[in-house]
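These notes concern the structure reproduced below.
Number of protein chains: 2
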Amino acid sequence: MARTAPDRTVIPPGFLDRMAARFGPALALGEAVRAQHGASESHYPVVLPDAVLFAATTTDVADCVRLCAAAGVPIVAYGAGTSIEGNATPIRGGISLDLTGMDAVVAVNPEDFDCIVQPGVRREALNQHLRDTGLFFPIDPGANATLGGMAATRASGTNAVRYGTMKDAVLGLEVVTPQGEVIRTARRARKSAAGYDLTRLYVGSEGTLGIITELTLRLHPIPEVISSAVCGFATLRGAVDTVVQAIQSGVPLARVEILDAMQIRAVNIWSKLALAELPTLFFEFHGSAAHVAEQVETVKALANANGGGAFDWSNQPEQRSRLWRARHEAYYAAVNLRAGAVGWATDVCVPLSRLAECITETRRDLDLSPIPATILGHVGDGNFHVVFSIDPDSAQELAEVEAINARLVERALAMDGTSTGEHGIGLGKQHWLEAELGGAVEVMRRVKRALDPHNVFNPGKIFTF
Amino acid sequence: MARTAPDRTVIPPGFLDRMAARFGPALALGEAVRAQHGASESHYPVVLPDAVLFAATTTDVADCVRLCAAAGVPIVAYGAGTSIEGNATPIRGGISLDLTGMDAVVAVNPEDFDCIVQPGVRREALNQHLRDTGLFFPIDPGANATLGGMAATRASGTNAVRYGTMKDAVLGLEVVTPQGEVIRTARRARKSAAGYDLTRLYVGSEGTLGIITELTLRLHPIPEVISSAVCGFATLRGAVDTVVQAIQSGVPLARVEILDAMQIRAVNIWSKLALAELPTLFFEFHGSAAHVAEQVETVKALANANGGGAFDWSNQPEQRSRLWRARHEAYYAAVNLRAGAVGWATDVCVPLSRLAECITETRRDLDLSPIPATILGHVGDGNFHVVFSIDPDSAQELAEVEAINARLVERALAMDGTSTGEHGIGLGKQHWLEAELGGAVEVMRRVKRALDPHNVFNPGKIFTF
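Protein chains in written order, with the working numbering: chain R, 274 to 738; chain C, 274 to 738.
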């Protein structure tokens, strides 16, 4: 499936010996660990790295980079391995640089609403660590990803509508450059106009420009009241209109997720719920008790006027957790629609005014295929996913899904949208990057050539040259 | 004052004739218009460009860039001329590219909460244009700047605490590269993970990487209720603690500005107010009637517990406007403290936990000098300004202010802050960029050399090489 030819890099004689001499048992050569690091959560073929280095310190990373750069050996940073578009697959071999051992929360500064973490910290572990501070870290892709990986892919999740994406969450980064330098992109001030915004250049660069070895992250106060609700709609358009009107009314929606009827069916089976099989919104409201009550009143009235049914409430933490766990497991629920199937996921993002149309046309296209597929998305951002449940042994199904995905991406681009709202380009979306951004891609290549002239970092990702 | 030697570029013979042949009367060679474009709002010496081009279209910009690049003539983009750090001063001569004629609002998309504007649109004109849509554009530096200039300097203003800075406000840009290509950095989706974040690379690049010819901007719904209040505090620490605790309590402060006692004195004189001469917070609250009332209750209680006085209310639009006009004219008020004086402004930004200490130490330093100087700032961001009112003919005063400014910047850096929160590096902050960001500056230079190899765009700004 990789559109980039996997022209494996030839490892120079003695290179792995030099690595072993420097890193000892932290360098793993066994087939099992290499296979694990060559696999991905998604449908991309496994490509083994030549070795896996378990880095423990920034110095480890810098030394690895210098050894690899000198030998022309690729380095692919590796976190939780939960990226969707083959972003961490070492398609040209080389070193898979596993950063999960760098998992310390270095500092929490409650009065500054920030913290400093190593890249291997996972988002759930960070929130667990923060639980006594009254603060939380909001960004939540479905998987329990590492924060380094989330920054590298510019991840977002269910509450981006209120709290933004990783580009908003990262205040600054420590990065190892392909020259082995260790740089800091910003001080700890909440804003700065000092020079180029390297922070946001590295966020979303998918490990192609530098290796993130530390992150300074913005935190938010845990709201006094958190309230969730589920509401089914007669039409998809009614659900989307409700969200647009709520934003127009100044309701600071914390989360607003759409699940189409088939996704609701999948969730009902997987998470043992009994929701009506309709286009459905999952809401979450944050604020004081009075403010949440007022937000709910406003949204209920809008939903009612747009063909929404009764609100099903979850004010208790356990009920809320159950609901949002169901949402976060929606991918597995969708895959599970078919016995023995594997998942194939994609995402696009369009201007809000085109979202209902884009989802409706996509659903129509999906319904022409016998392959089960669900739609779910972050309505407030105009971002949605399609999850296919495919037979892993059927080349014909793979080809059919690829064709549907191509039509989806082209539909989103025709609506002035993007080929990916939050998964990144990786391998899977390279085909459309030029169509989406034209000459800007050549500017990206100039940046890549300037910062990584020997193409050491995650070669073949985002674009080739 | 320019720390970069003004080594003027030699204009090749025939170059201005070629420009005149292409642009006719849009190319201005007169001394008065050149002097106007060589001056700045601040204390930097006037440096005349060789000519001023009044661009009317993106094609004009691209043609100008190609002619200048071929001849090695510098191009400095020019908007309202309100930048503070000499950002638009053509220190090496060449063409001042005036974009104020490109002032069309190209499209407003209310359901998408965005609009498309040309770079010469000023922020007040945009909000005037939007007034019937129920939406507004929040970013408000003191001056009525152009949106292109605001993007180029990564400007912010009084409500960044709630609505962010230009990095958050810009969804995408049309940019002319030094090669004369016209690129678009992003589609109109509210978020994207497609490739490098060129949008935010150009935002804050101060015209050194490309010329912005169109901007897609995020808009926000005008809140149902806007309420302002003024509150004096016995101590600066009490004012800052009130703000930190309000954020911790989840109060979504829309604006929170601090003015020190001397700035209040200046404002009282200039804007005919009668505020107590104390460290004072100007608040603004946005939301529904009930939510604003609740926010005010919370903040009043916190202010009271932190040594704040009574809240002076301005719920009527005229009173509110008067109050915020006074805040926006604070710079002129400060300069006016002394007859015949000119202004000299600087800004730094520190983590919130260090803000009270940083302002207090700075005030102590200012009080050792006879030169009048005020402090005002955006407390929620940890960002503050010092405005000096100096005798334009006194080299000794200039030297004294430069020394105080140097101590201020070094104080901010020692607190893990930045040398500029919103004015940019321009000429004035270059001396500290390496101290602030170390090896990251070399990475910035690599980006500059890759994208503008002949150093055509605003040479000598941010850094030299």
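From the three backbone atoms N, C-alpha and C, an ideal C-beta is built for every residue, glycine too.
Proximal residues of chain C, C-beta to C-beta of residue i below 8 angstroms
i, result
"Lys-702(R)", "Ala-467"
"Asp-689(R)", "Arg-460, Arg-461, Ala-462"
"Glu-707(R)", "Those within 8 angstroms of Glu-707(R) in chain C number zero; the least Cβ separation is about 10 angstroms."
"Asp-405(R)", "The contacting residues do not exist; Asp-405(R) stays about 14 angstroms from chain C at best."
"Met-717(R)", "Gly-468, Tyr-469, Leu-471"
Residue i, enclosing beta strand (DSSP E) - first and last residue
i, result
"Ser-587(C)", "585-587"
"Val-390(R)", "387-390"
Amino acids of chain R, ordered along the chain, whose beta-carbon sits closer than 8 angstroms to that of residue i
i, result
"Gly-415(C)", "None at all; the shortest Cβ gap to chain R is about 14 angstroms."
"Asn-382(C)", "Pro-624, Ser-626"
"Phe-556(C)", "Within chain R, no residue comes near Phe-556(C); the closest Cβ sits about 17 angstroms away, beyond 8 angstroms."
"Ala-578(C)", "Those do not exist, as Ala-578(C) stays about 16 angstroms from chain R at its closest Cβ, beyond 8 angstroms."
Interface residues of chain C facing residue i [CB-CB closer than 9 angstroms]
i, result
"Pro-494(R)", "Ile-520, Gln-521, Ser-522, Gly-523"
"Ala-433(R)", "Arg-463, Lys-464"
"Glu-304(R)", "Residues of chain C passing the Cβ test: none, with the nearest at roughly 32 angstroms."
The alpha helix (DSSP H) enclosing residue i, as first and last residue numbers
i, result
"Ile-677(R)", "668-687"
"His-601(C)", "590-601"
"Asp-640(R)", "625-640"
"Gly-422(R)", "420-425"
Pair within 9 angstroms by beta-carbon distance, residue i and residue j
i, j, result
"Leu-509(C)", "Ile-632(C)", "yes"
"Arg-461(R)", "Leu-488(R)", "no"
"Val-476(R)", "Asp-654(C)", "no"
"Gly-393(C)", "Ile-412(C)", "no"
"Thr-419(R)", "Glu-447(R)", "no"
"Tyr-709(C)", "Ala-467(R)", "Checking the sequence, you will find Glu at residue 709(C) rather than Tyr. It is a contact, given that the beta carbons lie within the stated cut-off."
"Gly-505(C)", "Ile-456(C)", "no"
"Ala-534(R)", "Asn-579(R)", "no"
"Leu-724(C)", "Arg-719(R)", "yes"
"Val-434(R)", "Gly-483(R)", "no"
"Val-659(C)", "Leu-686(C)", "no"
"Glu-479(R)", "Ala-425(R)", "yes"
"Ile-348(R)", "Phe-730(R)", "yes"
"Gly-699(C)", "Ile-663(C)", "no"
"Leu-340(C)", "Phe-288(C)", "yes"
"Ile-364(C)", "His-696(C)", "no"
"Arg-600(C)", "Phe-555(C)", "yes"
"Met-375(C)", "Ala-329(C)", "yes"
"Thr-406(C)", "Leu-492(C)", "yes"
"Gly-366(C)", "Leu-321(C)", "yes"
Paired residues, beta bridge with residue i - DSSP
i, result
"Gly-366(C)", "None, per the DSSP bridge assignment."
"Leu-706(R)", "Answer by DSSP bridge pairing: none, since Leu-706(R) is not bridged."
"Cys-256(C)", "Shown here, chain C extends from 274 to 738; a query on residue 256(C) therefore has no answer."
"Val-660(C)", "Ala-618(C), Thr-647(C)"
"Glu-487(R)", "Glu-447(R)"
"Ile-499(R)", "His-559(R)"
Contact list for residue i against chain C, beta-carbon separation under 7 angstroms
i, result
"Asp-336(R)", "None at all; the shortest Cβ gap to chain C is about 17 angstroms."
"His-564(R)", "His-564, Glu-567"
"Asn-656(R)", "Lys-464"
"Asp-385(R)", "Pro-624, Leu-625, Ser-626"
"Ser-429(R)", "Lys-464"
"Thr-426(R)", "Ala-466"
"Arg-722(R)", "Ala-723"
Interface residues of chain R facing residue i [CB-CB closer than 7 angstroms]
i, result
"Asp-744(C)", "Shown here, chain C extends from 274 to 738; a query on residue 744(C) therefore has no answer."
"Ala-713(C)", "Ile-456, Arg-457, Thr-458, Leu-471"
"Ile-698(C)", "Ala-467, Gly-468"
"Ser-692(C)", "Ala-467"
"Thr-450(C)", "Val-716"
Under 9 angstroms by beta carbon: chain R residues contacting residue i
i, result
"Ile-735(C)", "Ala-467, Gly-468, Tyr-469"
"Leu-575(C)", "Ordered by position in chain R, no residue passes the 9 angstroms Cβ test against Leu-575(C), which lies about 14 angstroms from the chain."
Original post:
Just checking, does the stretch 555-566 of chain C make contact with the stretch 488-500 of chain C on the three C-beta pairs under 8 angstroms criterion?
Top reply: yes
Subject >> Inter-stretch contact (C-beta, 8 angstroms, three-pair minimum) for the stretch 521-529 of chain R and the stretch 539-549 of chain R >> reply: no
Original post:
Is it a yes or a no for the stretch 524-535 of chain C touching the stretch 615-625 of chain C, going by three-plus beta-carbon pairs under 8 angstroms?
Top reply: no
Original post:
Is the number of C-beta pairs between the stretch 578-593 of chain R and the stretch 650-667 of chain R that are closer than 8 angstroms three or more?
Top reply: no
Original post:
Do the stretch 605-616 of chain R and the stretch 638-650 of chain R meet, that is, are 3 or more Cβ pairs less than 8 angstroms apart?
Top reply: yes
Subject >> Segment contact, 8 angstroms Cβ cut-off, at least three pairs: the stretch 383-390 of chain R with the stretch 562-578 of chain R >> reply: no
Original post:
Between the stretch 338-348 of chain R and the stretch 297-308 of chain R, do at least 3 Cβ pairs fall closer than 8 angstroms?
Top reply: no
Original post:
Are there three or more Cβ pairs, one per stretch, closer than 8 angstroms when the stretch 309-317 of chain R is compared with the stretch 329-340 of chain R?
Top reply: no
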